[in-house]
Amino acid sequence: MLKSHSCGELSKKDVGAKVTLAGWVDRRRDHGGLIFIDLRDREGIVQVVFNPETAKLCHEIASEMRNEYVVRVSGEVALRPQGTENPKLPTGDVEVIAHNTDILNPSKTPPFYINEDIEVEESLRLKYRYLDLRRTRMKENLLLRHRVVKFMRDFLDAKGFIEVETPILIKSTPEGARDYLVPSRLYPGKFYALPQSPQQLKQLLMVAGVEKYFQIARCFRDEDTRADRQPEFTQLDLEMSFVEEEDILNLLEELFTSLVEIIKPEMRVIKPFPRLTYAEAMEHYGTDKPDLRFGLELGDLTDIVAQSDFSIFRSAIADGGKVKGICAPGCGTYTRSQLDELNKLVQSLGAEGLVTISLGTAGGNLNALTIEMVKSVAARFLTLDQIKQMAERLGAKTGDLLLIVAGNPKLVDMTLSELRQEMGHRLKLADPNLFVFAFIQNFPLLRWDDETGRWESEHHPFTAPWDEDVPLLDTTPEKVHGKHYDVICNGYEIGGGSLRIHTSELQRKIFKLLGYNDEEVEERFGHMLEAFQYGAPPHGGIALGLDRIVMLLAGEETIREVIAFPKNQSAADLTFDAPSPVTEEQLAELHLRLRNE
RNA sequence: GGCCCCGUGGUGUAGCGGACUAACAUGCCACCCUGUCACGGUGGAGAUCGGGGGUUCGAAUCCCCCCGGGGUCGCCA
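For the first sequence, this note's numbering assigns the number 8 to the initial residue and increments by one for each residue that follows.
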């Protein structure tokens, strides 16, 4: 090794030791005489002193050093002179008196600061990701991710799971997300696909008798990105045989609880994890992944306003819509422009608009509300009694602000869910030191797709229906529940899983219901149906979004901050400038010709 | 594909129709400086204000188009 110690590990106990360090120049302080170099490596920073009187040559070399030069220093660890200790540095009690030094590699001036944690345009960071990763924030995120994965491996190993790798080159399944395709050289006109998840493979591992499987699995989906979605991402994928839903939920609860305890002990977790049905989540929060760190629950006001004279409400209801709202506590004093802002938000989400009802400017008992205190465009179409009923249902006091949206039920829920999130943020209702994990259960198995005119799986076609609902598959498929569950945390879906179908008869029936004819079923899923005929055990599992979990633990806003080399919003890799054209020879070998478009 | 936001020296920002010959901080270069630690001091270089077109006597500033980046809806079984 070119070094004997790490910069960050030195302390009083090393005083007198002869050490050789190697790392990057974090900062240089040149006093004309003495030169101080803050030398940085992965473990931390230590101050090196170059004295022209005791080490002339050494001092001359040091005067050439600039930020991010890679240098090596030999010298003696010394206690700093009294009064010059630096309490801000973990190594601040000591310094290294340089006896010998050399520049291993100079550096151009970096395009942005390495030694300061200030915001830099993300595209620049991504182009020079190798420099960005030197910064404290990114270094810590990489370390955190390592520790999270290590914890998961150890945890599951202790529970008897074994890690199995599954192929990256696999078969395209046109349902679900768009596949990334890989052309085959040996089979002209045929393609592999990259896995959207190892779903079918892990089920086959259950048929294989693995019983408890997990994998840190890379997954690929050719869909548009989001702050929490990348074209390639990582799942903690796991599957168990002979389990019931409760077994899996208990495992997850233990996994997440001890994960936070060990990795982020300063954060709190609510235990046991709340459980909501899908219907409850939609009714109270308008989304299946609510941030449960605060209330602000949605209330359905349809029945109250159905007889009102307010045409916006009445026509929405007449068109089969509904009217729901939330209460923003203490926001009765919101100004016109603040209300306009909220209205704009609502409209940008596709809703017609937002009806606001201010319940006066001072907080107090609802009984004291008078019609004079109420400010709203709807006020003259509503009775005081109706307003009080609405306020009561939304848990409002005087001085609060009611935010009401009318229209298509799905749109109303979506809009209010976003409004709730926005108000929660504005009013700082979410405790930043709290993780509220929760399970969402009782999802519908199927969803009718108007565009394709057929049933689609809410989760995926391998999810088992509730036993008692199986007969409904033939009559009212929309009423069938699936043995599916999601894990959510602070407003993010961080995982979803299910108990699977393990008999070929039921699996075939589901495929049929999804609109596949026998031939298509055979071509696409024949391998699964056949496998299920060779003693497939009952099984189930879950896939957890590792990137999102690490993002939450790191307190970051996007998963890009916890991925070493992420793609940008346009799915490009700015470090490598991928994707890129390939040569005509490469195309020919793959039997491909580009279309002129 | 739709909607919203952003683009000014290397970096981060200010300026939002005339006093801009574009400001501030930091970085960079040179010189001075032996106890600093975001060292300090003096001086210097560095920007056709993302690109194109238009409005105007006059555009970094207003309008249109394009490009790049971010957020989001659709999409993500």
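Glycine included, every Cβ here is placed at the ideal spot set by N, Cα and C.
Asked: CA nearest to the CA of residue 9, picked from 311, 181, 79; Found: 79
Asked: Cβ-Cβ distance between residue 309 and residue 331 below 9 Å; Found: yes
Asked: Beta strand (DSSP E) segments (min. 3 residues) lying fully within the region 431–465; Found: 444–448, 453–456, 461–464
Asked: Same chain only: Cβ atoms within 7 Å of residue 171, ignoring 5 sequence neighbours per side; Found: 212, 217, 220, 222
Asked: Close Cβ partners of residue 581 (< 7 Å) along its chain, the five nearest in sequence each way excluded; Found: 130, 133, 134, 575
Asked: Proximity to residue 194 [Cα-Cα], best of 305, 266, 597, 15; Found: 597
Asked: The beta strand (DSSP E) enclosing residue 334, as first and last residue numbers; Found: 329–335
Asked: Touching by the beta-carbon criterion (3+ pairs, under 8 Å), the region 295–310 and the region 454–467; Found: no
Asked: Contact the region 496–505 vs the region 426–445: 3+ CB pairs below 8 Å; Found: yes
Asked: Reference residue 114, options 75, 92, 137, closest by Cα; Found: 75
Asked: Cβ contact (3+ pairs, closer than 8 Å) linking the region 116–128 and the region 79–98; Found: no
Asked: Beta bridge counterpart(s) of residue 83 as assigned by DSSP; Found: 25, 104
Asked: Anticipated Cβ contact below 8 Å, residue 206 with residue 469, distance rounded; Found: 7 Å
Asked: Reduced DSSP secondary structure (H/G/I, E/B, other) of residue 247; Found: strand
Asked: Spatial distance of residue 275 from residue 392 (CA atoms); Found: 42 Å
Asked: Residue 171 - DSSP class collapsed to helix/strand/coil; Found: coil
Asked: Cα-Cα separation, residue 599 to residue 589; Found: 11 Å
Asked: Neighbour-count burial assignment, residue 242, 16 or more Cβ in a 10 Å radius; Found: buried
Asked: Start-to-end residues for the alpha helix (DSSP H) that takes in residue 597; Found: Segment: none, residue 597 is in no alpha helix (DSSP H) and carries neither H nor E.
Asked: Residues that residue 605 bridges to, as DSSP identifies them; Found: With the chain represented from 8 up to 604, any question about residue 605 goes unanswered, as that position is not in the structure.
Asked: Supposed contact pair residue 97 and residue 15 - C-beta distance, whole angstroms, cut 8 Å; Found: 7 Å
Asked: Proximity winner among 584, 564, 224, 17, relative to residue 148 (alpha-carbon distances); Found: 564
Asked: contact_flag[the region 56–68, the region 13–28] where n(CB pairs < 8 Å) is 3 or more; Found: no
Asked: Simplified DSSP state of residue 134, which is helix, strand or coil; Found: helix
Asked: Backbone secondary structure at residue 292 - three-state DSSP; Found: helix
Asked: Beta-carbon spacing of residue 248, residue 545 below 9 Å; Found: yes
Asked: Own chain, CB closer than 7 Å to residue 59, minus 5 neighbours either side, in chain order; Found: 40, 66
Asked: Rounded separation between residue 414 and residue 302 - CA only; Found: 23 Å
Asked: Three-state class that DSSP yields for residue 98 in the structure shown; Found: coil
Asked: Residues sharing a beta bridge with residue 74, DSSP; Found: Its beta-bridge partners do not exist; DSSP assigns none.
Asked: Segment contact flag, the region 395–411 with the region 359–379, C-beta cutoff 8 Å, min 3 pairs; Found: yes
Asked: Residue(s) in a DSSP beta bridge with residue 112; Found: 77
Asked: Closest by C-alpha distance to residue 233, when choosing among 567, 208, 318, 427; Found: 567
Asked: Simplified DSSP state of residue 284, which is helix, strand or coil; Found: strand
Asked: Where the beta strand (DSSP E) through residue 532 begins and ends; Found: Counting along the chain, residue 532 falls outside any beta strand (DSSP E), though it belongs to the alpha helix (DSSP H) covering 525–538.
Asked: Whole-angstrom distance between residue 529 and residue 519, CA atom to CA atom; Found: 11 Å
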